[in-house]
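> Questions regarding the structure given below will be posed in turn.
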Amino acid sequence: MTDRRTDSWQGYDFVGGHIALDLVNTVSWRLDAAKLVDRYQLPGFLPLWLTRAGLVRDDAGSSEIVTALTGLRETVYRLLVAPDRADVARFAGYLTAARRRAVAEPSLPLRWTVPIERPDDVVHALAIAADELLVSPDAALVRQCSGKGCGWLFIDRTRNHSRQWCSSKDCGNRERARRHYRRTGKSRATTVEDP
Ligand SMILES: [Zn+2]
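Take any residue in the sequence shown, count from 1 to its spot, add 150: that is its number in this note's numbering.
Put into structure tokens, the structure is as follows:
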């Protein structure tokens with residue numbers, strides 16, 4: 151059984167290793183204009199994503215935040231792949247708004263979270279989460295998938311920093327198949343499918 155909500159999930163997974171990267175990865179085929187999909191524009195995806203990310207228990211108000219969430223997502227993406235002053239300033243704006251809503255338990259180290267009490271708190275919570283990544287040493291381990299056109303980001307936690315693919319099942323397989331067919335000259339029709 152499938153429905154619109156789960157259809158919109160097809161090909162998506164939480165593979166980034168950090169919620170800020172899973173946010174960025176809600177755009178599929180980012181580096182291929184012909185195939186690019188912004189999943190937040192697909193019916194049913196955003197409420198499902200918010201629920202599965204543990205940010206909300208129901209989808210009330212999720213349509214109100216698409217624009218703000220998309221703005222944050224694209225700012226975080228650019229900061230991770232090619233930071234410039236304008237995006238740092240833009241992100242500071244998101245962070246200032248988020249900090250007004252953030253609370254922490256009185257124990258060290260302080261850990262700021264945003265209780266989700268109204269729809270835009272989701273944007274604030276993700277801004278705080280993105281900041282945690284951007285100021286941490288993990289930011290230097292963020293890589294972009296080597297799959298042709300993919301564009302997904304992930305944290306490379308391999309010992310020798312050799313991870314190439316968002317997912318070895320998807321882009322890794324596709325690329326191995328592509329190389330194999332290039333070597334053997336065989337048709338690629340039977341064992342590999344493009345999404
Ligand atoms: Zn990939």
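In this text, a Cβ means the ideal position worked out from N, Cα and C, and glycines have one as well.
(1) In terms of residue numbering, what span does the beta strand (DSSP E) encompassing ARG293 cover?
(2) In whole angstroms, what separates the C-alpha of LEU173 from that of ASP270?
(3) For the alpha helix (DSSP H) that contains LEU284, what are its first and last residues?
(4) What are the start and end residues of each continuous alpha helix (DSSP H) run of 4 or more residues lying completely inside the segment 225-249, in chain order?
(5) Distance, Cα to Cα, PHE195 vs ARG189?
(6) Any idea which residues DSSP pairs VAL216 with across the strands?
(7) At the level of alpha carbons, what is the spacing between SER158 and PRO193?
(8) Which residues have their C-beta within less than 5 Å of a heavy atom of ligand 1, listed in chain order?
(9) How many whole angstroms separate the CB atoms of ASP219 and VAL273, which I take to be in contact at a CB cut-off of 8 Å?
(10) Mind the definition here: the segment 297-305 touches the segment 317-325 only if three or more C-beta pairs lie below 8 Å; say whether that holds.
(11) At the level of alpha carbons, what is the spacing between LEU258 and ALA184?
(12) Would you identify the three-state DSSP class for SER318, choosing helix, strand or coil?
(13) Going by CA-CA distance only, name the one from ALA232, GLY243, ARG235 that's closest to GLY221.
Taking the definition as stated:
(1) Translated into the one-based positions of the sequence shown, residue 293 becomes position 143. Annotation for ARG293: the continuous beta strand (DSSP E) segment containing it runs 292-294.
(2) On the sequence shown, residue 173 is found 23 positions in, with the first residue counted as 1. On the sequence shown, residue 270 is found 120 positions in, with the first residue counted as 1. Whole-angstrom Cα-Cα distance: 15 Å.
(3) Here residue 284 refers to the residue found at position 134 when the sequence shown is read from its first residue. First-last of the alpha helix (DSSP H) with LEU284: 271-284.
(4) Correct list: empty.
(5) Counting from one through the sequence shown, the residue named residue 195 turns up at place 45. Counting from one through the sequence shown, the residue named residue 189 turns up at place 39. Looking at the two C-alpha atoms, the distance is approximately 6 Å.
(6) Here residue 216 is taken as the residue at index 66 of the sequence shown, counted from 1. Partner(s): none; VAL216 has no beta bridge.
(7) Walking along the sequence shown from the start, residue 158 turns up at place 8. Walking along the sequence shown from the start, residue 193 turns up at place 43. Each residue's Cα considered, the two are about 7 Å apart.
(8) This criterion selects CYS295, GLY297, CYS300, TRP302, CYS316, CYS321.
(9) Position 69 of the sequence shown, counted from the first residue, corresponds to residue 219. Position 123 of the sequence shown, counted from the first residue, corresponds to residue 273. A small fix is needed here, since residue 219 is Leu in this sequence, not Asp. Between VAL273 and LEU219 the Cβ distance is about 5 Å, and since that is below 8 Å, they are a contact.
(10) Because the criterion of three Cβ pairs below 8 Å is met, the segment 297-305 and the segment 317-325 touch.
(11) Position 108 of the sequence shown, counted from the first residue, corresponds to residue 258. Position 34 of the sequence shown, counted from the first residue, corresponds to residue 184. Here the alpha carbons of ALA184 and LEU258 stand approximately 48 Å from one another.
(12) As a working mapping, residue 318 is identified with position 168 in the sequence shown. Helix at SER318.
(13) If you number the sequence shown from 1, residue 221 lands on position 71. With distances taken between Cα atoms, GLY221 lies closest to GLY243.
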